[in-house]
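If you count by the working numbering, then the sequence shown holds residues 5 to 223, one letter each, in order. Quick reminder that beta carbons are idealized off the backbone N, C-alpha and C, glycines included. A quick note: this is a predicted structure, and the numbers were derived from the prediction, not measured.
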Amino acid sequence: EAFAAAQTGMILRIPVLHIHGGEITEGAYDDAIRHAITKLSYIHCTSTEEYRNRVIQLGEMPERVKNVGAIGLDYLKRGSFLSLHELSTSLGFSISKPYFLVTYHPVTLAKENAEESFRTILDSLDAFPDYQVIITYPNADDRGRGLISMIETYAQKQPSRVFAFSSLGQQRYLSAVKNSTVVIGNSSSGIIEVPAFKVPTVNIGLRQKGRLAGNSVIH
């Protein structure tokens, strides 16, 4: 959708402001789309100086490329989050133990087998029976349906321990992050937002390869 909007804006001579340009995610075709949007855009707001330099290397004029930081983190400073009790009530189940938050998307540009990698994650979760698990569905990328089927089967086998959601929405997701023991998977949120809560991330596989990450992110 963002690519279509940027393309339309460029053709109609409407200036496009692109956020988070210059970033690298070698395991997903988002990489190529992101760089294409950069070339279609007029103003650029990057999240780090390294990404700013990469946008400039792509041929953009330095005076139109600003390092503003990850703007999504601004919401974390002013947003309101649910307490553990409020989150439990909102989700409709009892959070009675520490829990892991899991989000895993297909790796669209790597030979990595999404189902095999996700099966490894699920098997690893079984090694921690004293922890509950909240799993959110993958995005609409290719091979996502197979992962959804695996999630539903896994949750049905352990209804008091594992809880699956197609989407939590922004407030509930960030509240779930804030109250979790660890975030597991390959979502960009594990690299960008989760460290702001001082919650560790276990980043799985190649999807986020190339993206800068803090010390709380374990690859």
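According to DSSP, residue pairing for His-22 in a beta bridge involves His-48. Counting along the chain, Phe-122 sits inside the alpha helix (DSSP H) bounded by residues 118–129. The three-state secondary structure of Gln-212, taken from DSSP, is coil. Only residues of its own chain outside the window of five on either side were considered, and among them Leu-88, Leu-91, Ser-92, Gln-136 and Asn-183 have a CB closer than 8 Å to the CB of Ile-99, listed in chain order. Gly-63 counts as exposed, since fewer than 16 other C-beta atoms from the protein chains shown sit within 10 angstroms of its C-beta.
Taken through DSSP and simplified to helix, strand or coil, Leu-105 comes out as strand.
Here Gly-13 carries a helix assignment [DSSP, helix/strand/coil]. Under the 10 Å beta carbon count, Pro-19 is surrounded by fewer than 16 other beta carbons and is classified as exposed. DSSP, reduced to helix, strand and coil, places Gln-136 within a strand of the structure shown. Counting the other Cβ atoms within 10 Å of the Cβ of Asn-219 gives fewer than 16, which makes it exposed.
Under the three-state reduction of DSSP, Gly-189 is assigned to strand. Non-local beta-carbon contacts of Glu-54 in its own chain, meaning distances under 8 Å to residues more than five positions away in sequence, involve Gly-26 and Leu-216 in chain order.
Only residues of its own chain outside the window of five on either side were considered, and among them Tyr-135 and Thr-185 have a CB closer than 6 Å to the CB of Pro-102, listed in chain order. Annotation: the continuous beta strand (DSSP E) that includes Asn-71 extends over 69–71. Between Phe-97 and Phe-167, the CB-CB gap stays under 8 Å.
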